[in-house]
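K.L.:
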Amino acid sequence: GEKVEQHESTLSVREGDSAVINCTYTDTASSYFPWYKQEAGKSLHFVIDIRSNVDRKQSQRLIVLLDKKAKRFSLHITATQPEDSAIYFCAASRGTGNTGKLIFGLGTTLQVQP
Amino acid sequence: NAGVIQTPRHKVTGKGQEATLWCEPISGHSAVFWYRQTIVQGLEFLTYFRNQAPIDDSGMPKERFSAQMPNQSHSTLKIQSTQPQDSAVYLCASSLLGNYAEQFFGPGTRLTVL
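Each protein sequence line maps, in turn, to chains A and B.
So the first sequence is numbered by the working numbering: it starts at 17 and just counts up by one.
So the second sequence is numbered by the working numbering: it starts at 4 and just counts up by one.
See below:
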C-alpha cells in the first residue's frame, strides 16, 4: 500500500538555525503534500502544503521542496524560534475528490533550543 | 467558527463494550475524514464521507468498526466489542470539496479500553 517515510524522528537545532525534515512517498499518483504541526496535547494544525505542479513553495519562514522524480519532499524552517518546537507530520495524497485521504509519516519531533 | 468539534474528548471503556465517537464538521464542509493516532502506528486513515455518502472506508478494520454520517452536521464512529488494541486518539477532519482542499482536524477523542 501507499507509504510515507519521514526520515528524522527527532531533530534538535539552536534558535535562529534552520531545520530540515525529509519525507519520501511510494504512491506515484500522489499530487498533494501537506505538512501539519502538533504541539503537546493538541491536535494537528496545518502549516503549509505543495502541489505536484510546482517544486518549491514558500510561506514566510517555511519552504517546501518537492522532487517528483525522487518521490521526495522536504520542509525547511528558517530562523527557527522556540515556538517552532513541536511534532511535524508530512503527508501525501492523490488530492482529488474521491481519493482525498492523507497518508502520514510517523512525525518528527523538533526541539528548538533557546 | 468553532472548528471541528469532537465529543467526548476522553472515553474509557471496558473490554467488550461499545464506544461511539461523535464529530461535528466545520459548517459548510462537505468532506469528513476519520483517522486514528497511536504511538506505534502513527496516524492512520480510517474512512471518508463526501456529501454524507461513504466514499472510502479502506482503512476501517472490517469487523467491529462502523461509521455513519446521517446528516451534514455530524458523523459517528462506532466500535463494537472494544479491545485494548483499539486504544488510540481518534481524529475527525473536515474540508471543503474540491481537489487539494486543506483538512481541518478536530481535537480528537482519546479512547482507552481497559
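Note that CB positions come from ideal geometry on N, CA and C, so glycine has one too.
1. Classify residue 72/A: buried if its beta carbon has 16 or more other beta carbons within 10 angstroms, exposed otherwise.
2. Identify the continuous beta strand (DSSP E) that holds residue 93/B and give its terminal residues.
3. Is the Cβ-Cβ distance between residue 122/A and residue 48/B less than 8 Å?
4. Considering Cα atoms alone, identify which of 103/A, 102/A and 120/A is closest to residue 110/A.
5. Distance cutoff 8 Å, beta carbons only. Does residue 117/A sit that close to anything in chain B?
6. Measure the C-alpha to C-alpha separation of residue 94/A and residue 25/A and round it to an integer number of angstroms.
7. Taking the alpha-carbon positions, what's the residue 49/A to residue 96/B distance?
8. Report the residue from 64/A, 29/A, 42/A and 34/A whose alpha carbon sits nearest the alpha carbon of residue 17/A.
9. Looking at the unbroken beta strand (DSSP E) that takes in residue 99/A, where does it start and where does it end?
10. When you compare the CB of residue 89/A with every CB in chain B, is at least one pair closer than 8 Å?
11. Return helix, strand or coil for residue 115/A, following the three-state DSSP convention.
12. Could you work out which residue in 28/A, 40/A, 21/A and 115/A is closest to residue 85/A when comparing CA atoms only?
13. From the DSSP output, read off the bridge partner residues of residue 38/B.
14. Taking 8 Å as the threshold (beta carbon to beta carbon), is residue 67/A in contact with chain B?
P.N.:
Reading it off the structure:
1. Counting the other CB atoms within 10 Å of its CB gives residue 72/A a total below 16, which places it among the exposed residues.
2. Counting along the chain, the beta strand (DSSP E) containing residue 93/B begins and ends at 91-98.
3. No, these two residues do not count as a Cβ contact at 8 Å.
4. Relative to residue 110/A, the option among 103/A, 102/A and 120/A whose CA is nearest is 120/A.
5. Closer than 8 Å to some Cβ of chain B, the Cβ of residue 117/A qualifies, so yes.
6. Here the C-alpha atom of residue 94/A lies approximately 19 Å from the C-alpha atom of residue 25/A.
7. Cα to Cα, residue 49/A sits roughly 16 Å from residue 96/B.
8. Out of 64/A, 29/A, 42/A and 34/A, 42/A has the C-alpha closest to the C-alpha of residue 17/A.
9. Segment: none, residue 99/A is in no beta strand (DSSP E) and carries neither H nor E.
10. Taking Cβ atoms only, chain B never reaches closer than 8 Å to residue 89/A, which makes this a no.
11. The three-state secondary structure of residue 115/A, taken from DSSP, is helix.
12. For the options 28/A, 40/A, 21/A and 115/A, the alpha carbon positioned closest to that of residue 85/A is the one of 40/A.
13. Looking at the DSSP assignment, residue 38/B forms a beta bridge with 48/B and 94/B.
14. It does: the Cβ of residue 67/A has a partner Cβ on chain B nearer than 8 Å.
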